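Numbering (my numbering), first residue to last: 9 to 450.
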């Protein structure tokens, strides 16, 4: 056995060097390290200040280091941080109550986990177990297949990548979990044709985040709801990125259906990201509807022994998440997301900028589609070797603003839900100046 290498004194060693030596290289990281944050702003180790419109990819709903989160962390950490889910957890129950009564406003039950990937895996297991338990109502045929959409993203577990409708996340991980069919997003006819006797569920994002900020159309949602009723299958929504107020409503499908003369009742929903404001937590909600032809409710399908999580819904995680959601409610941040998101989209459309081909999104989940042809005519893009979105994101970062790519040609804005009008104005100013400088360099 070789001798252990003594740990070096990290004093004076750069964060970059420490990362290269000790941390796996599975992320393509920007050459920047942050040391502190406050509200919509974040500072790197050199002291440079950035407007954070990336927010950990839609995670920091209240910005950085919000007092409500600090208070919840401090107070709960002094009482009880963790206990097993073998016991009753008051904080978990109170968070679930808020989700059922205030967010969903529909009866059902909640399961807690630690991330969006885990939440979507729980949805997949729920669909599979439902398909097994209800086989007697389907002529003895077990429903084990889930329909998802092209350009979707449902996490990086083996179940998540199998469900995801993007080949790039699957490469090198075969054999994949079977039982998934991908259809074009917003193609109602393709969705209808994909449903068969083995279909257990339809699962999709209301707004495709990683896929380019594509919003589900009312027609697509109506078709999914019709298939839910006609075939007795589950309709499940992945709200990991767009849920809990980001679209301008508590739930993304409510915003997508605003002004339409019908409503939808999903069977199950997944969340994570913004529900903890930066503290890791995920969840699913399942309806308490009676499964046709059976004596059980959908929310009881995952009974004892079928699913679990050691850290899901700890007292600390639950207390912090509840503080985040209560602040979103009490401070009117759902309405703020709707109002300022609309202002941002209209302002950028009015620019009629040659580099912006389209503006997409709902609330404060916004995508700016970069015109690759126009960008290709600029001075340095071709030699950068970057996609259009990554190139613009990098230039914005140099200008002191953090944004996120969403596919090869979409720049994504994800401001905190409590972002101010002045901060939005500053972000628009930086964006406009950066795009102008690309077209007309000094």
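The beta carbon of each residue, even a glycine, is placed where N, CA and C say it ideally should be.
Treat the numbers as computed from the prediction; the structure is a model and nothing was measured.
query                                                                                                                                                  : result
Does DSSP put residue 287 in a helix, in a strand, or in coil?                                                                                         : coil
Just list the residues that DSSP pairs residue 362 with in beta bridges.                                                                               : None; residue 362 has no bridge partner.
Measuring straight from C-alpha to C-alpha, what distance separates residue 283 and residue 450?                                                       : 44 Å
Are there 16 or more other CB atoms within 10 angstroms of the CB of residue 9, so buried, or fewer, so exposed?                                       : Low confidence applies to residue 9: its pLDDT is 41, below 50, so where it sits in the model is not reliable, and the reading given next is rough at best. Result: exposed.
I'd like the list of long-range same chain contacts for residue 355, defined as Cβ closer than 7 Å, with 5 residues on each side in sequence excluded. : 436
One question on the structure: do residue 115 and residue 296 come within less than 7 Å of each other, judged by their Cβ atoms?                       : yes
Are the beta-carbon atoms belonging to residue 278 and residue 121 less than 7 Å from one another?                                                     : no
Between residue 173 and residue 59, what straight-line distance do the alpha-carbon atoms span, to the nearest angstrom?                               : 32 Å
Around the Cβ of residue 441, are there at least 16 other Cβ atoms within 10 angstroms (buried) or fewer (exposed)?                                    : exposed
Counting pairs of Cβ atoms below 8 Å between the region 263 to 272 and the region 388 to 403, do you hit three or more?                                : no
Does the Cβ of residue 207 have 16 or more other Cβ atoms within 10 Å, making it buried, or fewer, making it exposed?                                  : buried
Just checking, does the region 225 to 237 make contact with the region 177 to 191 on the three C-beta pairs under 8 Å criterion?                       : no
How far does the beta strand (DSSP E) with residue 497 in it reach, from first residue to last?                                                        : Coverage of the chain is limited to positions 9 through 450, which leaves residue 497 absent and any answer about it impossible.
Hey, residue 70 and residue 285 are a contact pair by Cβ (cut 8 Å); roughly how many whole angstroms apart?                                            : 5 Å
What is the residue span of the beta strand (DSSP E) that residue 154 lies within?                                                                     : 153 to 157
Distance, Cα to Cα, residue 308 vs residue 140?                                                                                                        : 14 Å
Answer with buried or exposed for residue 424, where buried requires no fewer than 16 other C-beta atoms within 10 angstroms of its C-beta.            : buried
What would DSSP say about residue 57, mapped onto helix, strand or coil?                                                                               : strand
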